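This report concerns only the one structure given below.
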Amino acid sequence: MSISDGSLGSKPQLRAENESEPTDFQIGEFRAETANSMKDVDLDGSVPALTTPLDANKNAFSYVEGSIVRPVVSNTSVSSETSGASFKSRFSWLQSDATNAFKKTPSPPASDVSGSPEQPFQQLCGLVKKSRSGEQIADFEEKILALQSKLTQRTEKDSPAAKCVDWNNWVEVFINDDGAPSTETLSQLINECNDVIPSPLRAVCWELFLNVQKNELLTLYITLALQRNSLDVELRRTIRSQPFRSPVELLRQGNASRLRVSNDSLLSVLHAFTLFDTTVEYAFDKLLWITTAFLCYLPEANSFRALVCLLRKNVMSELFTVDTTSIQSTLFMQVMQGLEDACPELAIILSRLCVTSLEKHFDCYCSCFSAILSVTDSLRLFDLLCIHGLPFFVRLTIAVLIKNAERILQVKTIEQFKKFMNSDIYGVYRTSSPTRYSFYGRSPVSIDEWIQDALALQIEPFNPERRNIIYDTLRAKREQLEKTIATLRTEIDKFTTDTTEAAVSTKQLQGEHDSLASQLEEKEMEHTSMDEETAALQTELDELKAKFEERPAELRRKYAEELEIMKGRNEKFSEQNDLLKEQIDYLTSELDKTQAAHNELKERYDSITKKWEDLSKMFGNEARTSQ
């Protein structure tokens, strides 16, 4: 059975045609075995089973029937030629100069195939070196300007670096430091480019920040690429299931500044990586975006090495596993510590709401927020991820929460907070006017403002000891509070005894008070009834006085109202009479017109009748004459 898939191109066949699919029991044995065997794998690839030179026994690879782990050395070369021939065909270049097949920089785009095989930036550095060494190079200034123009053209148009990058500064740094400048110097140059790495320099900068060239994973990648991986079927399925215009598919398309990523390259890197680290269970869909980002600028082997180095930075690998409970708890602690430094009121409200995780937001870290950002902006965040690691993304989270502080402070329950997190929490960073093809009509996120807010936060680095100190302080305060509560309880018991004694004496006084109160209540009721009768009589007297004073005025008002009514009726009748008179005049005029028309018609009738009689007589005479 073959595991090659037409949709992913022609891939090597790792199983013989008569070989059955691995069972769950075999997969469990494989993971248990590899979990122990790969624990001691270091960046130098020092595991004995993986450091055997490939050329030592090239034809000795064969697969045991039913095996899903890795190739084993066999004394017969027949089985190796039948079961692994198609797989070795893809890596046929290993037989000659394998290490030269993986360069430090990706292959040039199709538009530059006819040019020099070197990258434009490397050509620029070499040309500047030669111009300073005193060699006679004709028109070297024009060539330098041409190379700088080519680099600018390869820089993504939407990137801030396309407007402010100074290639002379970059060349100076790389020449002075022999092509490997320090991370501090690179950070300063990147800061001058609005915190973004120019597209043509992403490959070398990523490798320098991640120390990719300081390990020897290249040979290990070649070894792992030749091994068998039972997860290839699932990897293919994950790659193939990416929907149209998903973040991964948009990134894979490539453009003038980055290479197009094929399914084969993506599968090869993940194939090797899942064999390299078998201690945890990775979620393949989370690995797709960052692996694709590396392959856009690096060849397969360097992408594998960069992926390993990146995931080992700040224990980032836990973020890409199936179970992310531990890393999300750590990230949330970092967010809470940052909020305590930058905005204590938010930390208090989140603690009061018993918020323990920002799971949906943390999941966006795996793809550099590509679900809400354009490819250019996501790659910009990926640059900062390679430079600063996860602490920078923690800063982004803190910046978003502080920007939404007004809404969060109005939250009263954990359900309301979850509803808030499911809403568009990045809307505070969206620009005022939407652009074409924006996500569901939403305006794009202002990535510059977001990054500046994150970098401007005055927070201390995450320190677990600080959390322990705070916990110990709170525990000491709690113990002191418990002692105070115990003292107060003793005083309350004493006060309760005194209160009981006072209650007995109060009961006696209460009896006397009740008798006096009943007598007083009777007198008050009598006084109240007399007051009510007096008030009723006074009210009746006031009403009679008012009626007596208002009667003449009421009669005059009544007569005036009747007079007004009569006047209104007279006016109404006058209007109706005028209207009737107008109607009569109109009807009279119409009658005269009708009478005149009738007379005219009568005259015409008489005239026509006379003509008819004349014609009848004339035709009658002609008839008689003809007879």
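In the UniProt record's numbering, the protein residues as written are 1 to 627. Cβ coordinates follow ideal geometry from the N, Cα and C atoms, glycine included. All values derive from a computational prediction rather than experimental measurement.
- The stretch 270-286 makes no contact with the stretch 336-353: fewer than 3 CB pairs, one atom from each, lie closer than 8 Å.
- Its Cα nearest to that of L319, the residue F393 stands out among N191, F393 and S303.
- The beta carbons of E234 and F284 sit about 7 Å from each other, so the pair counts as a contact at 8 Å.
- Close CB contacts of I414 within its chain, under the 8 Å cut and outside five residues either way in sequence, are with L353, C354 and V355 (chain order).
- The Cβ-Cβ distance between C309 and V212 falls below 8 Å.
- Remark: fewer than three beta-carbon pairs, one from each stretch, lie closer than 8 Å, so the stretch 366-382 and the stretch 339-346 are not flagged as touching.
- Residue environment: V165 is assigned as buried (16 or more neighbouring CB atoms within 10 Å of its CB, all protein chains considered).
- In this structure the stretch 290-299 does not touch the stretch 327-338; the number of beta carbon pairs closer than 8 Å is below three.
- Taking the CA atoms as reference points, T487 sits about 42 Å from K418.
- Straight across, the Cα-Cα distance linking E345 with S182 is about 40 Å.
- Between the alpha carbons of T588 and D578 lies a distance of about 15 Å.
- Residues F382 of the same chain have their beta carbon placed closer than 6 Å to that of A293, with the five preceding and five following residues left out of the count.
- In the three-state reduction of the DSSP assignment, Y297 falls in the coil class, being assigned neither a helical nor a strand state.
- Taking C-beta atoms as the reference points, Q410 and E359 fail to come closer than 8 Å.
- When secondary structure is reduced to three states using DSSP, V261 falls in the coil class, being assigned neither helix nor strand.
- By a beta-carbon distance limit of 8 Å, Y429 contacts E449. Their separation comes to about 6 Å.
- Residues of the same chain with a CB within less than 7 Å of the CB of L401, apart from the 5 flanking positions on each side, are L339, L346 and I408 in chain order.
- L541 has its alpha-carbon roughly 40 Å from the corresponding atom of G568.
- Taking A399 as reference, the option from T291, E512 and H361 with the minimal CA-CA separation is H361.
- Here T321 is bridged, per DSSP, to Y282.
- Excluding sequence positions up to five before and after L481, its CB lies less than 8 Å from no other CB in the same chain.
- For P391, the enclosing alpha helix (DSSP H) stretches over residues L390 to K403.
- In the DSSP assignment, V445 forms a beta bridge with R430.
- Within the same chain, no residue comes within 6 Å of E622 by CB-CB distance, once the 5 residues on both sides are set aside.
- Counting of Cβ neighbours within 10 angstroms places M618 among the exposed residues, the total staying below 16.
- Judged by DSSP in its simplified three-state form, Q334 adopts helix.
- The three-state reading of DSSP puts K610 in helix, counting H, G and I together.
- Rounded to the nearest whole angstrom, the C-alpha separation of L217 and V261 is 21 Å.
- N404 counts as buried, since no fewer than 16 other beta carbons sit within 10 angstroms of its beta carbon.
- Residues of the same chain with a CB within less than 8 Å of the CB of A454, apart from the 5 flanking positions on each side, are F392, R395, L396, I398 and A399 in chain order.
- Residues T321 and V322 of the same chain have their beta carbon placed closer than 7 Å to that of E281, with the five preceding and five following residues left out of the count.
- Within a 10 Å sphere around the beta-carbon of R557 sit fewer than 16 other beta-carbons, which makes this residue exposed.
- E603 carries a helical assignment under DSSP once its states are collapsed to helix, strand and coil.
- Secondary structure at P461: coil, using DSSP grouped into helix, strand and coil.
- About 14 Å separates the beta carbon of L189 from that of W206, a gap too long to meet the 8 Å contact definition.
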